[in-house]
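Just below is one structure, and these are the notes that go with it.
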Amino acid sequence: MLLERFEDRGLSHYSYAIGCEGAGVVAIVDPRRDVDVYVDFAHARQLRITHVLETHIHADYASGAADLAARTGADLWCSAYDRGELYEVAFPHHPVHDGEALQLGNTRVEAIHTPGHTPEHLSFIGYDLTRAPQVPQVLLSGDFLFVGALGRPDLIGEDVKRTLAGQLHDSVTRRLPPLPDGLEIHPAHGAGSMCGAGMSARPMSTLGFERIANPYLRRDLTRDAFIDAILGNVPPFPPYYKRMKVLNARGAERLDNLPGRSPLAVRDFKALVDSGHVVIDLRDQLSFGAGHIAGAFGIGASGGLSTWASWVVPYETPLLLVTPRPDLVDDAVRALVRVGLDEIRGYLDGGMDAWIQAGYPVTHTPQATPSEIADGVARGAVHLLDVRSDAEWAGGRAAGARHIMGGVLADRLDQLPRDGKPLAVICGTGYRSTVAASVLERAGFAPLVNVTGGMAAWDHAGLPVDKGR
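Each residue of the sequence shown is one higher than the last, beginning at 1305 in our numbering.
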């Protein structure tokens, strides 16, 4: 059996090639939007992609399944259990039923219906026919079973989340018991994804270990206790998830070429900015703070570009990039199209140096040390906003801070003061506070201050910390 994992660290997403190298055939499971990685892989290994398999209609990233099938002539398999549901696949595909299987040389792949994360969710069991044809070797579990967690059941809506949580319990108690302890678990996500809570950073596990260590596979959990536990521990709900569900049900447009990888002369770039194009600045906290284009989103290329762009950048709006180095553009474009941000027009040739040398206006976000901010908060001269996650906030925060998670900041601006005092923004290290400060700047908040080094620097300085909820 051939099994290859493809990782997108920005979204903590795993996709897979499964098949038979001897027969020269593979299926690709849960492909991301920029599908050239799978085409290049198959070409390098002299393999033919015969099937593209989707475990479900994804919420956190734009799927490349339809595009990959069209490029390669592969059969596209999607769940048959989406009929009559809120989200239905609208593009041509083979509807897959429980127990349906395909053979790829000496590898057999069988679909099992595992609803709960979504109503239509499938998992795929792989058998190595040359070694143990009756014993399953791998489970490509999609968003059903993660390492240390299960898929969240609340993405379809409040009115059906308890029903889906019950279906998830049934999938755990009915589909997993017949499977052997040695079965390898290969999920679609790892730690950092918001498709489930408590995921391990390990990319794979075994069913036997999950039976011991996964809190949702405990035998003493009643159905009601399971439902309460899984719904009581869901991560924040990114608003873009609903947009991704619609996009993936409809089918993302084919990307024959990745957009936005051409340099734009500074004069042309300025004209596009003036016409309403949105700028994403890929530089770090200090560089962005020292000088940036007014209204730009400060989302560094070195962090969670996909995640934070999907939270805060408006969709269906033409985008422009400012980059510290041209060699970062390709990865940045891939990160953006993976969450459906396709309207990228190009990047600023020469970067901010070219903008400044042309005499165009520059906006600054002042930086301040934790000690300076702590003193200002103590004197009542500065407001401090913590934009980390709820869990991070509960684990310890700067004394005197208020809290709004950065991803939902644009929807909660009315909760922030506009009394003329500086509003300082803090996160873990400075990456997310840069994103948040740019959101606040676009909303007209001033004066703003970014806390250099974030809570890591605050703790290192020994400044006051509050704990508990």
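For each residue, glycine too, the CB sits at the ideal point set by N, CA and C.
With the cut-off set at 8 Å, would you say Val-1729 and Val-1755 are in Cβ contact?
yes
Less than 8 Å between the C-beta atoms of Ser-1319 and Val-1329, yes or no?
no
Under 7 Å Cβ to Cβ from Glu-1424, same chain only, skipping five residues before and after it: list those, please.
His-1360, Ile-1361, Ser-1383, Tyr-1385, Asp-1386, Glu-1389
Count the other CB atoms within 10 Å of the CB of Lys-1549; is the residue buried (16 or more) or exposed (fewer)?
buried
Where does the unbroken beta strand (DSSP E) through Tyr-1383 begin, and where does it stop?
The sequence given here places Ser at residue 1383; Tyr does not occur at that position. First-last of the beta strand (DSSP E) with Ser-1383: 1379 to 1383.
In this structure, how does DSSP classify Glu-1679 when only helix, strand and coil are distinguished?
At residue 1679 the sequence reads Asp, which differs from the Glu that was named. The answer is helix: DSSP assigns Asp-1679 an H, G or I state.
Contact under 8 Å by Cβ, Tyr-1520 with Leu-1443:
no
Enclosing beta strand (DSSP E) for Val-1333 [first to last residue]:
1329 to 1333
Beta strand (DSSP E) runs contained entirely in the region 1403 to 1453, provided each spans 3 or more residues
1405 to 1408, 1411 to 1417, 1426 to 1432, 1442 to 1446
Inter-residue CB distance, Ser-1372 and Val-1393 (contact presumed, cutoff 8 Å)
A quick correction: the sequence has Leu, not Ser, at residue 1372. 15 Å between Cβ atoms; not a contact.
Are His-1668 and Gly-1593 close, meaning C-beta to C-beta below 8 Å?
yes
Check whether the region 1530 to 1539 and the region 1461 to 1478 touch, using three or more Cβ-Cβ pairs below 8 Å as the test.
yes
Assign Asn-1561 to one of three DSSP states: helix, strand, or coil.
coil
So which of Arg-1629, Thr-1411, Gly-1663 has the shortest CA-CA distance to Gln-1438?
Thr-1411
If you draw a straight line from the alpha carbon of Val-1570 to that of Thr-1627, how long is it in whole angstroms?
13 Å
Separation of Phe-1345 from Glu-1620, as counted between CA atoms:
31 Å
Could you pull the start and end residues of the beta strand (DSSP E) that Val-1583 belongs to?
1582 to 1585
How big is the Cα-Cα spacing for Pro-1440 and Asp-1432?
7 Å
Please report the distance separating the alpha-carbon of Leu-1468 from that of Gln-1671.
46 Å
Would you list, in sequence order, the uninterrupted alpha helix (DSSP H) runs of no fewer than 4 residues that lie entirely inside the region 1668 to 1722?
1674 to 1682, 1694 to 1699
Apart from the five residues just before and just after Lys-1465, which ones in its own chain have a Cβ nearer than 7 Å to its Cβ?
Pro-1457, Asp-1458, Leu-1535
Would Pro-1491 be called buried (16 or more neighbouring beta carbons within 10 Å of its own) or exposed?
buried
Backbone CA spacing between Gly-1699 and Ala-1760 [nearest angstrom]
13 Å
Pairing CB atoms from the region 1633 to 1643 with CB atoms from the region 1710 to 1726, are three or more of them under 8 Å?
no
For Gly-1314 versus Ala-1639, is the C-beta distance shorter than 8 Å?
yes
Am I right that Val-1769 and Ala-1703 are in contact with their C-beta atoms under 8 Å? What's the rounded C-beta distance?
7 Å
Give, in chain order, every unbroken run of the beta strand (DSSP E) that is at least 3 residues long and sits entirely within the region 1479 to 1526.
1488 to 1491
Enclosing alpha helix (DSSP H) for Asp-1578 [first to last residue]
1570 to 1578
Between Thr-1494 and Asp-1447, what straight-line distance do the alpha-carbon atoms span, to the nearest angstrom?
Per the sequence presented here, residue 1494 reads as Gly, with Thr not at that position. Spanning the two alpha carbons is a distance of roughly 10 Å.
Tell me the DSSP secondary structure of Ser-1614 in three-state form.
helix
Roughly how many angstroms lie between the CA atoms of Leu-1562 and Tyr-1651, to the nearest whole one?
13 Å
Rounded to the nearest angstrom, what separates Ala-1556 and Leu-1380 at their Cα positions?
14 Å
Within a Cβ cutoff of 8 Å, which residues of the same chain sit near Pro-1630, ignoring the five residues on either side of it in sequence?
Pro-1567, Tyr-1651
Of the choices Ala-1553, Arg-1547, Val-1538, whose alpha-carbon is the least far from that of Glu-1462?
Val-1538
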